[in-house]
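Numbering (this note's numbering), first residue to last: 185 to 427.
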């Protein structure tokens, strides 16, 4: 089976799994914005550590954009978009955690949707077909923000946004595991994806971790996500740039 056919099969499998679990693709923006385990104000900044731990996103986003010439030409444009989305997440997430509300959560999730979308496009461009990956990436970069806007200004449905987030994770893991070739460094990408999974675990255990460590799970989530992004940015630069 060709790389293109394998990728299509994985896409269909991912879509089928998302459809099967569609009833679980929901979250309540109001509940999510209700508060965090560590809400202490430091240096005049509410939720200080939840705000400060976004700094890594900004640094990595700027670094990734500055190093965009190191990314293979097949998905260099999407790589630049990914880096800009990471930097944008630093601002959007900081704004949300400084003043948590459904209105500010929109600005947190907007750049994240662009990051997920561009990442999926890069994986397809690298492992299957460059033109198809770029086209898919562009389409998702448009649809991702629309899915976020729909939550807050439209029907309120959260399914598409969560499908993009978790579907991109599952799709990328399967493609990288099954479809070989390309220039991405699979080991770095997989480390990044599993670090992101760990970040989601920290998020779910926010209060329990804070009670045990005195440092919240939500802040650890940001640090784990920073590790994830660093690994992914290194991975997308490809084997040709390895030492």
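Where is the CB? At the ideal position from N, CA and C, for every residue including glycine.
Whole angstroms are fine: how far does the CA of residue j sit from the CA of residue i?
{"i": "residue 415", "j": "residue 375", "result": "7 Å"}
{"i": "residue 225", "j": "residue 250", "result": "34 Å"}
{"i": "residue 292", "j": "residue 312", "result": "31 Å"}
{"i": "residue 199", "j": "residue 227", "result": "46 Å"}
{"i": "residue 352", "j": "residue 395", "result": "32 Å"}
{"i": "residue 279", "j": "residue 288", "result": "7 Å"}
{"i": "residue 325", "j": "residue 365", "result": "25 Å"}
{"i": "residue 190", "j": "residue 371", "result": "20 Å"}
{"i": "residue 236", "j": "residue 186", "result": "46 Å"}
{"i": "residue 474", "j": "residue 256", "result": "Given that the chain is displayed from residue 185 to residue 427, the structure contains no residue 474 and the question cannot be resolved."}
{"i": "residue 247", "j": "residue 265", "result": "13 Å"}
{"i": "residue 208", "j": "residue 201", "result": "11 Å"}
{"i": "residue 242", "j": "residue 275", "result": "8 Å"}
{"i": "residue 238", "j": "residue 277", "result": "7 Å"}
{"i": "residue 230", "j": "residue 215", "result": "18 Å"}
{"i": "residue 329", "j": "residue 399", "result": "32 Å"}
{"i": "residue 381", "j": "residue 389", "result": "13 Å"}
{"i": "residue 323", "j": "residue 310", "result": "17 Å"}
{"i": "residue 283", "j": "residue 391", "result": "19 Å"}
{"i": "residue 383", "j": "residue 217", "result": "18 Å"}
{"i": "residue 193", "j": "residue 377", "result": "21 Å"}
{"i": "residue 196", "j": "residue 417", "result": "27 Å"}
The alpha helix (DSSP H) with residue i in it runs from where to where?
{"i": "residue 334", "result": "314-337"}
{"i": "residue 213", "result": "213-216"}
{"i": "residue 259", "result": "First-last for residue 259: undefined, no H or E at that position."}
{"i": "residue 392", "result": "390-397"}
{"i": "residue 402", "result": "401-420"}
{"i": "residue 250", "result": "239-250"}
{"i": "residue 311", "result": "286-311"}
{"i": "residue 341", "result": "Segment: none, residue 341 is in no alpha helix (DSSP H) and carries neither H nor E."}
{"i": "residue 187", "result": "187-204"}
Drop a sphere of 10 angstroms on the beta-carbon of residue i, count the other beta-carbons inside from all chains shown, and report buried for 16 or more, exposed for fewer.
{"i": "residue 427", "result": "In this prediction, residue 427 has a pLDDT of 36, which is less than 50 and means its spatial position is unreliable; what the coordinates show is noted afterwards. The residue in question, residue 427, is exposed, as its Cβ has fewer than 16 Cβ neighbours within 10 Å."}
{"i": "residue 210", "result": "exposed"}
{"i": "residue 318", "result": "buried"}
{"i": "residue 222", "result": "buried"}
{"i": "residue 347", "result": "buried"}
{"i": "residue 219", "result": "exposed"}
{"i": "residue 281", "result": "buried"}
{"i": "residue 267", "result": "buried"}
{"i": "residue 212", "result": "exposed"}
{"i": "residue 270", "result": "buried"}
{"i": "residue 245", "result": "buried"}
{"i": "residue 412", "result": "buried"}
{"i": "residue 203", "result": "exposed"}
{"i": "residue 205", "result": "exposed"}
Starting from residue i, follow its DSSP beta bridges and name the residues at the other end.
{"i": "residue 226", "result": "229"}
Using a threshold of 7 Å, state whether the C-beta atoms of residue i and residue j are closer than that.
{"i": "residue 314", "j": "residue 253", "result": "no"}
{"i": "residue 408", "j": "residue 379", "result": "yes"}
{"i": "residue 137", "j": "residue 321", "result": "Residue coverage of the chain in this structure runs from 185 to 427, which leaves residue 137 outside it and unanswerable."}
{"i": "residue 307", "j": "residue 359", "result": "yes"}
{"i": "residue 332", "j": "residue 297", "result": "yes"}
{"i": "residue 386", "j": "residue 397", "result": "no"}
{"i": "residue 422", "j": "residue 368", "result": "yes"}
{"i": "residue 302", "j": "residue 327", "result": "no"}
{"i": "residue 410", "j": "residue 240", "result": "yes"}
{"i": "residue 373", "j": "residue 419", "result": "yes"}
{"i": "residue 290", "j": "residue 345", "result": "no"}
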